[in-house]
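Chains as they are written, first to last, in my numbering: chain A, 63 to 381; chain B, 63 to 381. No residue lacks a Cβ here, since even glycine has one placed at the ideal position from N, Cα and C. The structure under discussion appears below in the form of structure tokens.
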């Protein structure tokens with residue numbers, strides 16, 4: 063018996079696939095803010111109030127993921143969530159998403175559908191809408207999501223941390239870094255979904271001097287915050303919140319691994335001590351890992367009072 | 063004598079390049095609407111008034127361009143302009159651009175600088191700002207620009223054309239299609255820059271029932287307009303405005319070539335005859351090429367009163 067052929071992008075064509083997807087997206091519950099949804103030259107939305115946040119981030123096959131690491135839906139959701147993490151880190155709320163897809167002609171239509179509907183569903187779960195996008199031919203799958211967010215109150219940047227500020231991180235670290243290491247080594251499993259720290263981001267924005275999301279590894283991202291703010295940082299590795307799976311798998315070196323593994327998409331912020339009590343009521347775990355100190359931008363790691371060296375701070379995809 | 067090595071992305075690293083670019087962009091004249099520019103988790107801008115337009119479009123090496131077809135600056139400008147064309151086709155004005163770059167580690171830093179500064183300069187030329195972006199490792203260069211625009215007045219979509227509407231196209235067609243054909247065949251030369259039809263787009267938006275930009279070829283894009291509006295179209299090939307270079311190179315078949323070549327980024331719109339006089343004062347060439355007719359969505363081409371068949375309507379990158 064012949065297996066039925068899987069319909070692929072080259073069989074259906076760009077325009078037919080986009081037209082079908084547009085119909086599926088149009089069938090979702092309407093938003094009064096969306097005046098023109100997917101399918102035209104541009105989406106048109108009502109101007110939001112307050113401050114508008116704009117961010118874009120890409121997932122490239124072979125670099126950020128490999129086939130089998132994620133279902134198409136989870137991949138689409140991930141492309142949305144890594145952008146939502148940037149909006150959360152500014153204290154904002156996602157509103158509108160665009161998906162620029164690159165795909166080889168042999169990509170199964172089901173994969174493209176899964177990705178687009180994964181973005182749309184994740185956007186919906188965050189109170190946002192997928193309003194448009196693009197499809198381009200390319201040698202590998204790549205998803206670039208652009209997210210438009212809003213911030214009703216204060217926008218928190220990476221600058222502004224001061225000596226004496228306490229450094230807090232949400233959630234636990236190292237679980238995704240561990241999964242990536244296992245998957246790269248040929249192991250089985252799926253990449254955990256990034257957390258959605260929108261409520262925490264808005265709450266932290268009210269008290270933090272500086273904030274960013276941890277995507278390249280805690281030590282490296284803290285270094286970005288230090289450089290932008292002109293401060294140093296002292297981190298107690300024993301206080302770094304390590305994911306239980308990472309603790310079990312890596313053992314004694316788990317905190318060092320978790321502090322440099324990357325892909326966590328948790329929030330890292332600098333909060334003046336007088337306002338630190340507000341951090342307790344975030345609705346998610348939050349841990350004080352150290353403090354900002356005077357001096358040139360640097361990150362000093364300690365464990366049990368002794369300085370610790372790590373061989374790398376985190377990810378630079380090009381070095 | 064040894065030639066000095068060209069600095070490449072893998073030598074400099076993602077973060078150092080982004081930090082340097084961010085400083086260069088920050089040195090450009092400030093805009094009071096931009097609260098947080100490039101370099102943080104997200105850009106923050108003041109909410110514009112009226113309607114917000116959102117569009118995204120990608121240029122992928124080997125698909126939309128090849129090395130040598132464009133200088134890095136012209137490539138960056140092109141990535142902006144193809145998006146500005148979508149905003150123009152809605153009757154809007156570009157405001158904020160984001161550039162998501164994909165690049166191999168061996169990409170010369172000068173190429174990346176040229177691309178980013180090309181986007182920034184083209185944005186500036188259109189009254190817009192490059193406010194953020196992303197850099198990801200990938201096997202080939204790819205530029206995804208997302209553009210946020212504003213529309214003070216009416217937004218014009220692809221729907222709304224009615225039988226009897228006159229069909230107008232701005233500028234001339236076929237020059238870029240001809241350049242692409244020559245370059246693909248190994249010839250020398252550069253890809254012409256897309257036109258910037260913002261003023262024309264805003265003026266046409268006041269009178270047109272429907273509008274889009276011609277990116278995949280006049281016949282194919284007119285087909286999109288017909289399907290979206292539920293009308294047919296009758297086009298007189300003899301009236302299609304053909305670029306002089308295309309006329310000289312292609313001869314008798316120039317109009318057919320120009321009507322299907324694509325990459326023109328001119329505006330195509332359906333205007334009720336009573337308002338057609340307003341089209342004369344656009345500040346650029348504009349030509350009536352036919353009319354919308356009742357019936358199922360279709361595009362009928364005529365030349366000297368006789369029907370003409372074209373073997374393809376335009377580009378579908380996947381078929």
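Could you tell me the alpha carbon to alpha carbon distance between residue i and residue j, rounded to whole angstroms?
| i | j | result |
| --- | --- | --- |
| residue 315/A | residue 263/A | 29 Å |
| residue 248/A | residue 129/A | 12 Å |
| residue 283/A | residue 76/B | 13 Å |
| residue 87/A | residue 101/A | 10 Å |
| residue 198/B | residue 285/A | 20 Å |
| residue 253/A | residue 359/B | 45 Å |
| residue 72/B | residue 151/A | 28 Å |
| residue 179/B | residue 90/A | 39 Å |
| residue 324/A | residue 326/B | 43 Å |
| residue 66/A | residue 81/A | 24 Å |
| residue 332/A | residue 349/A | 12 Å |
| residue 312/A | residue 319/A | 8 Å |
| residue 181/A | residue 306/A | 29 Å |
| residue 167/B | residue 337/B | 54 Å |
| residue 133/A | residue 176/A | 8 Å |
| residue 200/A | residue 122/B | 7 Å |
| residue 281/A | residue 68/A | 45 Å |
| residue 235/B | residue 237/A | 55 Å |
| residue 213/B | residue 99/A | 15 Å |
| residue 310/B | residue 70/A | 40 Å |
| residue 93/B | residue 265/A | 29 Å |
Can you tell which of the options has the C-alpha that lies nearest to the C-alpha of residue i?
| i | options | result |
| --- | --- | --- |
| residue 267/A | 359/A, 148/A and 67/A | 148/A |
| residue 353/B | 343/B, 160/B and 288/B | 288/B |
| residue 279/A | 250/A, 273/A, 271/A and 328/A | 328/A |
| residue 218/A | 300/A, 270/A and 186/A | 270/A |
| residue 433/B | 207/B, 170/B and 200/B | This structure cannot speak to residue 433/B, because chain B is shown only from 63 to 381. |
| residue 187/B | 205/B, 367/B and 257/B | 257/B |
| residue 294/A | 82/A, 226/A and 152/A | 226/A |
| residue 228/B | 99/B, 369/B, 201/B and 334/B | 334/B |
| residue 308/A | 341/A, 177/A, 201/A and 239/A | 239/A |
| residue 275/B | 145/B, 96/B and 122/B | 145/B |
| residue 95/A | 190/A, 172/A, 170/A and 214/A | 190/A |
| residue 136/B | 124/B, 103/B, 174/B and 170/B | 174/B |
| residue 345/A | 209/A, 260/A and 84/A | 260/A |
| residue 297/A | 204/A, 169/A, 69/A and 367/A | 367/A |
| residue 233/B | 342/B, 213/B and 211/B | 342/B |
| residue 120/A | 204/B, 93/B and 362/B | 204/B |
| residue 74/B | 103/B, 124/B and 172/B | 172/B |
Is it buried or exposed, residue i, if we count other Cβ atoms within 10 angstroms and call 16 or more buried?
| i | result |
| --- | --- |
| residue 371/A | exposed |
| residue 35/B | Look at the range of chain B in this structure, 63 to 381, and you will see that residue 35/B is not part of it. |
| residue 231/A | buried |
| residue 339/A | exposed |
| residue 111/A | exposed |
| residue 300/A | exposed |
| residue 356/B | exposed |
| residue 304/B | buried |
| residue 251/B | exposed |
Could you list which residues in chain B have their beta carbon closer than 7 Å to that of residue i, in chain order?
| i | result |
| --- | --- |
| residue 195/A | 118 |
| residue 47/A | Here chain A has residues from 63 to 381 only, and residue 47/A is not among them. |
Give me the chain B residues within the contact set of residue i, using Cβ-Cβ distance strictly less than 8 Å, ordered along the chain.
| i | result |
| --- | --- |
| residue 204/A | 164, 198, 200 and 204 |
| residue 112/A | 109 |
| residue 211/A | 104 |
| residue 122/A | 164, 198, 199 and 200 |
Whose Cβ in chain A lies nearer than 7 Å to the Cβ of residue i?
| i | result |
| --- | --- |
| residue 103/B | 117, 148, 151, 152, 274 and 275 |
| residue 160/B | 116, 118 and 208 |
| residue 219/B | 98 and 102 |
| residue 125/B | 198, 199 and 200 |
Listing by chain order, which chain A residues have their CB less than 8 Å from the CB of residue i?
| i | result |
| --- | --- |
| residue 173/B | By Cβ distance, chain A contributes nothing, its closest Cβ being about 14 Å from residue 173/B, past 8 Å. |
| residue 333/B | Simply none; closest approach about 17 Å. |
Shorter than 7 Å, the distance from the beta carbon of residue i to the closest heavy atom of the ligand FMN, or not?
| i | result |
| --- | --- |
| residue 103/A | Because no ligand of any kind appears in the structure shown, any question about the ligand FMN cannot be addressed here. |
I'd like to know if residue i contacts chain C, where contact means its C-beta is closer than 8 Å to some C-beta of that chain.
| i | result |
| --- | --- |
| residue 145/A | The structure shown has no chain C; the protein chains it does contain are A and B. |
Item to check | Touch test, the stretch 115-125 of chain A against the stretch 102-109 of chain B, Cβ-Cβ under 8 Å, three pairs minimum | outcome: yes
Item to check | Any 3 or more C-beta pairs closer than 8 Å across the stretch 205-223 of chain A and the stretch 282-297 of chain A | outcome: A contact is defined here as three or more CB-CB pairs under 8 Å, and the stretch 205-223 of chain A meets this definition with respect to the stretch 282-297 of chain A.
Item to check | the stretch 147-162 of chain A contacting the stretch 193-202 of chain A, beta-carbon criterion three pairs below 8 Å | outcome: They touch, by the three-pair rule.
Next on the checklist: Does the structure place the stretch 161-175 of chain B close enough to the stretch 131-142 of chain B that three or more beta carbon pairs sit under 8 Å?
Outcome noted: Yes: the two stretches touch, three or more of their Cβ pairs being nearer than 8 Å.
Checklist entry - Counting Cβ pairs, one atom from each stretch, are 3 or more of them under 8 Å apart for the stretch 233-245 of chain B and the stretch 118-137 of chain A? => result no
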